[in-house]
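2 protein chains.
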Amino acid sequence: EEVAKLLALKAQLTNDAPPQKFVLKTPKGTRDYNPQQMAIRNSVLQKIISVFKKHGAECIDTPVFELKEVLTGKYGEDSKLIYDLKDQGGEILSLRYDLTVPLARYLAMNKINNLKRYHIAKVYRRDNPAMTRGRYREFYQCDFDIAGQFDPMVPDAECLKVVTEILDSLDIGKYILKVNHRCLLDGMFEACGVPAEQFRSTCSTIDKLDKSPWQEVRTEMINEKGVTPEAADRIGEYVRLNGSTELVDKLLQDEKLSKSKSAVEGLQGIKLLLEYCELYGIKDKVLFDLSLARGLDYYTGIIYEAVLTEPIKIGGEEQSVGSIAGGGRYDNLVGMFDTKNKQVPCVGISVGVERVFSVLEARLAAGELSVRPSEIDVYVASAQKDFLTTRMRICNELWDAGIKAEQPYKKNPKMLNQLQHCEENGIPLAVILGESELKRGLVKIRNIVTRQEDEVPRDKLVEELKNRINMLNINVNGLEK
Amino acid sequence: EEVAKLLALKAQLTNDAPPQKFVLKTPKGTRDYNPQQMAIRNSVLQKIISVFKKHGAECIDTPVFELKEVLTGKYGEDSKLIYDLKDQGGEILSLRYDLTVPLARYLAMNKINNLKRYHIAKVYRRDNPAMTRGRYREFYQCDFDIAGQFDPMVPDAECLKVVTEILDSLDIGKYILKVNHRCLLDGMFEACGVPAEQFRSTCSTIDKLDKSPWQEVRTEMINEKGVTPEAADRIGEYVRLNGSTELVDKLLQDEKLSKSKSAVEGLQGIKLLLEYCELYGIKDKVLFDLSLARGLDYYTGIIYEAVLTEPIKIGGEEQSVGSIAGGGRYDNLVGMFDTKNKQVPCVGISVGVERVFSVLEARLAAGELSVRPSEIDVYVASAQKDFLTTRMRICNELWDAGIKAEQPYKKNPKMLNQLQHCEENGIPLAVILGESELKRGLVKIRNIVTRQEDEVPRDKLVEELKNRINMLNINVNGLEK
Numbered sequence: 141e142e143v144a145k146l147l148a149l150k151a152q153l154t155n156d157a158p159p160q161k162f163v164l165k166t167p168k169g170t171r172d173y174n175p176q177q178m179a180i181r182n183s184v185l186q187k188i189i190s191v192f193k194k195h196g197a198e199c200i201d202t203p204v205f206e207l208k209e210v211l212t213g214k215y216g217e218d219s220k221l222i223y224d225l226k227d228q229g230g231e232i233l234s235l236r237y238d239l240t241v242p243l244a245r246y247l248a249m250n251k252i253n254n255l256k257r258y259h260i261a262k263v264y265r266r267d268n269p270a271m272t273r274g275r276y277r278e279f280y281q282c283d284f285d286i287a288g289q290f291d292p293m294v295p296d297a298e299c300l301k302v303v304t305e306i307l308d309s310l311d312i313g314k315y316i317l318k319v320n321h322r323c324l325l326d327g328m329f330e331a332c333g334v335p336a337e338q339f340r341s342t343c344s345t346i347d348k349l350d351k352s353p354w355q356e357v358r359t360e361m362i363n364e365k366g367v368t369p370e371a372a373d374r375i376g377e378y379v380r381l382n383g384s385t386e387l388v389d390k391l392l393q394d395e396k397l398s399k400s401k402s403a404v405e406g407l408q409g410i411k412l413l414l415e416y417c418e419l420y421g422i423k424d425k426v427l428f429d430l431s432l433a434r435g436l437d438y439y440t441g442i443i444y445e446a447v448l449t450e451p452i453k454i455g456g457e458e459q460s461v462g463s464i465a466g467g468g469r470y471d472n473l474v475g476m477f478d479t480k481n482k483q484v485p486c487v488g489i490s491v492g493v494e495r496v497f498s499v500l501e502a503r504l505a506a507g508e509l510s511v512r513p514s515e516i517d518v519y520v521a522s523a524q525k526d527f528l529t530t531r532m533r534i535c536n537e538l539w540d541a542g543i544k545a546e547q548p549y550k551k552n553p554k555m556l557n558q559l560q561h562c563e564e565n566g567i568p569l570a571v572i573l574g575e576s577e578l579k580r581g582l583v584k585i586r587n588i589v590t591r592q593e594d595e596v597p598r599d600k601l602v603e604e605l606k607n608r609i610n611m612l613n614i615n616v617n618g619l620e621k
Numbered sequence: 141e142e143v144a145k146l147l148a149l150k151a152q153l154t155n156d157a158p159p160q161k162f163v164l165k166t167p168k169g170t171r172d173y174n175p176q177q178m179a180i181r182n183s184v185l186q187k188i189i190s191v192f193k194k195h196g197a198e199c200i201d202t203p204v205f206e207l208k209e210v211l212t213g214k215y216g217e218d219s220k221l222i223y224d225l226k227d228q229g230g231e232i233l234s235l236r237y238d239l240t241v242p243l244a245r246y247l248a249m250n251k252i253n254n255l256k257r258y259h260i261a262k263v264y265r266r267d268n269p270a271m272t273r274g275r276y277r278e279f280y281q282c283d284f285d286i287a288g289q290f291d292p293m294v295p296d297a298e299c300l301k302v303v304t305e306i307l308d309s310l311d312i313g314k315y316i317l318k319v320n321h322r323c324l325l326d327g328m329f330e331a332c333g334v335p336a337e338q339f340r341s342t343c344s345t346i347d348k349l350d351k352s353p354w355q356e357v358r359t360e361m362i363n364e365k366g367v368t369p370e371a372a373d374r375i376g377e378y379v380r381l382n383g384s385t386e387l388v389d390k391l392l393q394d395e396k397l398s399k400s401k402s403a404v405e406g407l408q409g410i411k412l413l414l415e416y417c418e419l420y421g422i423k424d425k426v427l428f429d430l431s432l433a434r435g436l437d438y439y440t441g442i443i444y445e446a447v448l449t450e451p452i453k454i455g456g457e458e459q460s461v462g463s464i465a466g467g468g469r470y471d472n473l474v475g476m477f478d479t480k481n482k483q484v485p486c487v488g489i490s491v492g493v494e495r496v497f498s499v500l501e502a503r504l505a506a507g508e509l510s511v512r513p514s515e516i517d518v519y520v521a522s523a524q525k526d527f528l529t530t531r532m533r534i535c536n537e538l539w540d541a542g543i544k545a546e547q548p549y550k551k552n553p554k555m556l557n558q559l560q561h562c563e564e565n566g567i568p569l570a571v572i573l574g575e576s577e578l579k580r581g582l583v584k585i586r587n588i589v590t591r592q593e594d595e596v597p598r599d600k601l602v603e604e605l606k607n608r609i610n611m612l613n614i615n616v617n618g619l620e621k
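Quick note, the sequences are listed as chains A and B, same order. So the first sequence is numbered by our numbering: it starts at 141 and just counts up by one. So the second sequence is numbered by our numbering: it starts at 141 and just counts up by one.
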């Protein structure tokens, strides 16, 4: 006690740093995760990882920063959102913008032709954050990609299967998987009279159709991208179409599209994909949608996006979530890193977990979800004074037996505070030490929920607790609905 | 087939990016983790996390970068190793240097007085990398800290218990836990005639004793830190001492030290810590060592370091690992972020997992360890042509039943290649489809290791596989010794 006081006194004296002068915050667009949020995050990621593993994906990791040159020329106009590191002598570095370019760099650098991998890590974009809707400057991506030369649409269909398994296991509402094909988009532009050099920019305008009405997109196409009004109107006819195999068949007969080799390639690809989706029992969830374009330049084949079809109700309010996963085929990206331009075809999906986190956090805030950040099963408490060393000895026994246990770090904690701690933290069992019981060779075990107390022999304590913990069958993830 | 060729042709044509001009590498001092390395890493981290959870630690996470001001003035002369981000407009940011300062910022910002948390994340230091010995510029820290006003040495002793549980579960060799106390060091300097303003710099010189002999340290003390030769020699007498409770008792009687209030405080603290270590059954692993100083400025009480006492033999060669965990008490750091200088006392440990990784990776390279990056249990193969859709259908059944399964993504894979794939990836079971069996309503299951094949009814396949997988009792972590 005396020592503690002296130490505290000394601490005050030696602390000669001036008090805090700036506003304490995390950088713009970032946040801390508190224990509740981490429990949610870890539970969501565990579910995603087990789907990835079910499909044989291996895990890799890459540094958080890359040589700036690795990222240069991969993201089109989004390159302005890349975080650069200060030049402190040595290499010029940037924070990774996604996990796809680092994967391509990894494959090319190590001359790997075949890899089914997942990668879960944070990426960085100096974008305008909208944190309540789960849009941050530092955010998680969960990527699953299949690299290698394989038969058409086989890995592509498996990516869609993986997305459905993940969304089903996360159980966050009804969804639809939109698919389209970059070759069909190119063929459609060609058939509508857009010059080849305007394909990519027209494509990124189409990508805005999920947020803006056609009239606005049409105007941008004409005024900013130089598409003729006639071409734009022809595109407008196509992009309102969506359906399934019958639409593919109809478009294969379409007067204009059937003349474009690229459009026919794309349509045949989608037709095959839909067949495989039927085999995988997910065809009813897939929608062939000609308005799906995806922003990134590097896609070369199938593209997809999973969208929640109903707003989510949280605490009486409806929240629209929208796109929750996306991806596609990019056959040329690895070749950009190879001195001989050697290609490794890739296809992959990326799950937008931040939106999942934000839905679950909103549910937590609305009291529709409860989480348990600590996994302690047994709290070692004492009813009288001077039981610190006894509590420590018992904790030690429990730890050595593999039981998750803790005790108050104070010499003489109050009984009420100890029980409150158990209730607040969802600790199911308490060992309560008392002088009279110990003299009789007994200790009390209290069930925190039922408040029932049983006396058990001191030397059977570990065994008794293990039995009770097994019976309680506590949710391992700490996440309970 | 035709479509694939056309797509490949198109891919070549549309890929107009120039071939790679710079050397493909990860930034200096960083590395990728390949699937084998990730399997090792995840297995090590899982073991550490389960110890942290056994002691009731909750998980938090903070952004990879902080406002530069948050890091300023916390690391002394090591501040030059901090990575700064480029000023791109907006806030001035730096990459985190450790997880301790972000924890202190988090506690102060959220006005949290009590927290037992773990945090496992990468930190960044522009240091001279020594990658073969596990020293990187981007590396993992695994931190466990207890924040709050508690009775002396109770949380401090638990941190040591946590370290022993982790090192025991990682099973990487014999170790010792060195402990010392910053108050004793200060008292010792005082008793030896070092002026108060030289305490910190003298302390950081002492810290070099684990790498340099006393004569060198003495010279640096005298020539660079301005300590008198007499004072240095007196210090030299003390820092060669180490022992246990009997040494504490002896020093409490020491003529010079017993006159220093600070030294007596430190000694009494260590005495209490050793008592608690006895209760926790770890006293034989703890060594009170007066030469232990720890580099960082912010420690205010007990300090500790876990050191492997024997070189590790890998592939016939001995590798010296040295320090593998460290930490201590820092009671003033949170107050530096509080406008009213309000303190939250903290104590914690940090496990140097990179050294653990490098030991295990060396064992892997020497063939003393094998890992399985993919967790696939069943490979769906076919003996004849044109079984792609049947294989896909069966995979789908297995996935829907929760079985980890994959199949070749090719239409007509060779039997030999398929079996080789299973052997190389440690896949224990293969389903082999053949026309004659399927006509009889049967499929073959092959045990890859024993090469035994059994015919089972097609409609009992899932059930049969589940039984066999349970029997094989595959190591969940994918890490096998």
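Heads up, the beta-carbon is just placed ideally off N, CA and C, and yes, glycines get one too.
One thing to note: B/V461 has its Cβ no nearer than 9 Å to the Cβ of B/Y280.
With a 10 Å radius around the Cβ and a threshold of 16 neighbouring Cβ atoms, B/Q592 comes out exposed. Pairing A/R586 with A/I609 gives a Cβ-Cβ distance that is not under 9 Å. Each residue's CA atom was taken as its position, placing B/C299 and A/L509 some 33 Å apart. Shown here, B/P269 sits in coil according to DSSP, grouped into three states, outside any helix or strand.
In the DSSP assignment, A/S309 falls outside any beta strand (DSSP E) and lies within the alpha helix (DSSP H) extending over V294 to L310. In this structure, DSSP gives A/S460 a state outside helix and strand, which the three-state scheme calls coil. Here B/C199 is bridged, per DSSP, to B/Y258.
Beta-bridge partners assigned by DSSP to A/F428: A/V319 and A/G383.
Of all residues in the segment 223–236 of chain A, only Y223, D224, L225, K226, Q228, G230, E231 and L233 come within less than 7 Å of chain B when Cβ atoms are compared, listed by chain position. In the DSSP assignment, A/N587 is bridged to A/L569.
Residue pairing from DSSP leaves A/P369 without any beta-bridge partner. Between the alpha carbons of B/V511 and B/D471 lies a gap of roughly 42 Å.
Taking C-beta atoms as the reference points, A/V499 and A/I452 count as a pair closer than 9 Å. Here B/D172 is actually not in contact with A/I260; their C-beta atoms are around 15 Å apart, not less than 8 Å. Contact between the segment 325–335 of chain B and the segment 413–426 of chain B is not established, with fewer than three Cβ pairs separated by less than 8 Å. For the C-beta of B/F329, not a single chain A residue is nearer than 8 Å; the gap to the nearest is close to 13 Å. At least one CB of chain B lies nearer than 9 Å to the CB of A/L419.
By the CB criterion at 9 Å, A/K584 and A/E595 fall inside the cutoff. The three-state secondary structure of A/C343, taken from DSSP, is helix. When B/G488, B/I588 and B/A521 are compared, the shortest CA-CA separation from B/F192 is found for B/G488. DSSP, read as helix, strand or coil, puts A/S498 in helix. DSSP, read as helix, strand or coil, puts A/E330 in helix. A straight line joining the alpha-carbon of B/Q186 with that of B/K165 spans about 29 Å. Proximity of B/M532 to chain A, defined by a Cβ-Cβ separation below 9 Å, is satisfied. At a cut-off of 9 Å between beta carbons, A/P203 contacts chain B. Proximity of the segment 468–485 of chain A to the segment 432–449 of chain A meets the contact definition, three or more beta-carbon pairs being nearer than 8 Å.
Using a Cβ-Cβ cut-off of 9 Å, A/W539 counts as an interface residue toward chain B, since at least one Cβ of chain B sits closer than that to its own. With at least 16 other beta carbons inside 10 angstroms of its own, A/I188 counts as buried.
Note on A/V518: 16 or more other CB atoms within 10 angstroms of its CB, so buried under the neighbour-count rule. Checking the DSSP bridge columns, you'll see B/R469 partnered with B/V487.
If you check the CB distance, A/I316 and A/A446 come in under 9 Å. Shown here, B/Q281 sits in a strand according to DSSP, grouped into three states. At a C-beta separation below 9 Å, B/I516 has these neighbours in chain A: K193, K194, H195 and G196.
DSSP, reduced to helix, strand and coil, places B/D224 within a strand of the structure shown. Ranked by how close their Cα comes to the Cα of A/A433, the residues A/L255, A/T212 and A/R340 have A/R340 in first place.
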